[in-house]
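Here's the structure, in structure tokens; my notes come after.
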Amino acid sequence: MNNIKKIIIALAMCFIVASILKVGISRVTYSKTGYKGELPKVGATIYKYDDEFMSYIRNSMENDAYGRIALNMNDSQNDQDTQLKQVDEMISKGVRALAINLVDPKAAKSVIVKAKAANLPVIFFNKEPDASVLNSYGKAWFVGTDSKESGILQGKMIVDLWNENKNKWDKNKDGKLSYVLLKGEPGHPDAEARSKYALDEINKAGITVEELAASTAMWDAAKAKDKMDGWISKFNNRIEFVISNNDVMALGALDSLEKAGYLSEEKFVPVVGIDAIPDATKKIKAGTMVGTILNDANNQGKAIIDLVTNAANGKNIINGTSWKITNNKYIRIPYVTIIKDNIDIAEQAYK
Ligand code: GAL
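Using my numbering, you'd call the opening residue of the sequence shown number 980 and step up by one each time.
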């Protein structure tokens, strides 16, 4: 009898100790009325992980979130429906704020409907929603860049490089800059603005151009290489410039040009991109690519996390930060022109 008592007491004690430990371990708990615990939960989406530039933004966000928020990061796999389901899931898990890289910039409306219903703040990033949509919700903001600025800077860079080198680069000596243009995703504010404003700058500088071809390669290296292979066999020596909406496509084009022997001294075709990702800065250093525009992934990631952390804590969105906000809605990180001479700026930014 004594032994049975002892066993019962021992079991009861084990149960009590286990219960105490369990409470101690689950320090982060959520209740219906909101968060109770150490780090506020925040939900984020990247339109697809398989996008090199976005992977730098994601890294910056994850590093910066450490110790400040519990970040639930999702790969939307380039599918808007998947992303909307992820938003529903994050809301049902009790996130306090959302950071959304849309798949389709037009889907901002649907995300806002969900955020509004749950009374949650939402920070859109990289793919800018229409101003009217952003303004329709007081708790919506955008972190990114000014797309137009990247086009203008790329155009000015092309003008300077062409004027310095046209003796070599104007192969048929007709005084025209004959180019092919690799575009990003159709309807993406960056792709549209970069194509338009880069060409506007070249025209404004009084350079006569000939557009041999322009096509989307969806920000993708393999697609860009395919396009370039086709253009090389179609236009042969007539291509005098490759203008690309981003570096990844520029690198795809470079691959194609290299294989066809177009990077040798006398046949050299200049290629420019945008982003200044490390793979591109290496090519600029080596002299096979002539320039790019720094798209500052690191600072964009930091700004996203600063804003979403403040939002999750119910604070003013730029509280305790030095980000400049315009129209009470936008944080825009400046672009920087990068050529061989100032390559260290790009290397530093992507360190
Ligand atoms: C752009 C960037 C591209 C691509 C795109 C995705 O800003 O230049 O390389 O990542 O965003 O939305």
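Every residue gets a Cβ at the ideal spot worked out from N, C-alpha and C, and that includes glycine.
For the alpha helix (DSSP H) containing residue i, name the first residue and the last one.
| i | result |
| --- | --- |
| L1230 | D1226 to K1238 |
| S1111 | A1110 to N1114 |
| I1283 | A1276 to A1291 |
| D1060 | Q1059 to S1071 |
| A1325 | I1322 to A1328 |
| T1260 | P1257 to A1265 |
State the DSSP-derived secondary structure class of residue i, mapped to helix, strand or coil.
| i | result |
| --- | --- |
| V1138 | helix |
| M1197 | coil |
| M1040 | helix |
| V1090 | helix |
| L1178 | helix |
| Y1045 | coil |
| G1299 | coil |
| N969 | What the structure shows of the chain is the stretch from 980 to 1330, and residue 969 is not part of that stretch, so it cannot be assessed. |
| V1270 | For the sequence presented, residue 1270 should be read as Gly rather than Val. Note: G1270 maps to strand in three-state DSSP. |
| L1000 | In this predicted model, L1000 has a pLDDT of only 40, less than 50, meaning its place in the structure is not dependable enough to derive any value. |
| I1253 | coil |
| S1055 | coil |
Per DSSP, which one or two residues make a beta bridge with residue i?
| i | result |
| --- | --- |
| N1146 | Answer is none; N1146 lacks a bridge partner. |
| W1120 | I1102 |
| K1162 | T1195 |
| S1078 | Here residue 1078 is Ala; the residue named in the question, Ser, does not match the sequence. A1078 pairs with A1023 and I1102. |
| R1311 | G1123 |
| M1033 | Answer by DSSP bridge pairing: none, since M1033 is not bridged. |
| I1211 | Its beta-bridge partners do not exist; DSSP assigns none. |
| S1157 | E1189 |
| I1131 | BP columns for I1131 are empty, so no partner. |
Please report the Cβ distance between residue i and residue j, rounded to the nearest whole angstrom; I am assuming they are in contact, meaning their Cβ atoms lie under 8 Å.
| i | j | result |
| --- | --- | --- |
| G1231 | K1204 | 4 Å |
| I1283 | I1102 | 6 Å |
| A1255 | A1325 | 4 Å |
| I1218 | V1248 | 6 Å |
| V1122 | I1310 | 5 Å |
| S1039 | A1276 | 6 Å |
| E1252 | T1271 | Going by the sequence as given, residue 1252 is Gly instead of Glu. About 5 Å; that satisfies the 8 Å criterion. |
| I1312 | N1289 | Not a contact, Cβ separation roughly 17 Å. |
| K1095 | Y1116 | 6 Å |
| L1077 | L1099 | 6 Å |
| A1177 | I1222 | 6 Å |
| E1107 | S1089 | No, E1107 and S1089 are not in contact; Cβ-Cβ is about 16 Å, not under 8 Å. |
| N1274 | T1124 | 6 Å |
| M1052 | E1041 | 7 Å |
| K1020 | A1049 | 5 Å |
| G1134 | E1180 | 3 Å |
| Y1158 | E1128 | Actually they do not touch by this definition, with Cβ atoms about 21 Å apart. |
| K1264 | K1330 | 15 Å between Cβ atoms; not a contact. |
With respect to the beta strand (DSSP E) encompassing residue i, which residues constitute its N-terminal and C-terminal limits?
| i | result |
| --- | --- |
| T1024 | K1020 to I1025 |
| T1316 | V1315 to I1317 |
| F1247 | Where F1247 is concerned, there is no enclosing beta strand (DSSP E), given that its DSSP letter is neither H nor E. |
| T1331 | Absent from the model: residue 1331. The displayed extent of the chain is 980 to 1330, so no value can be given. |
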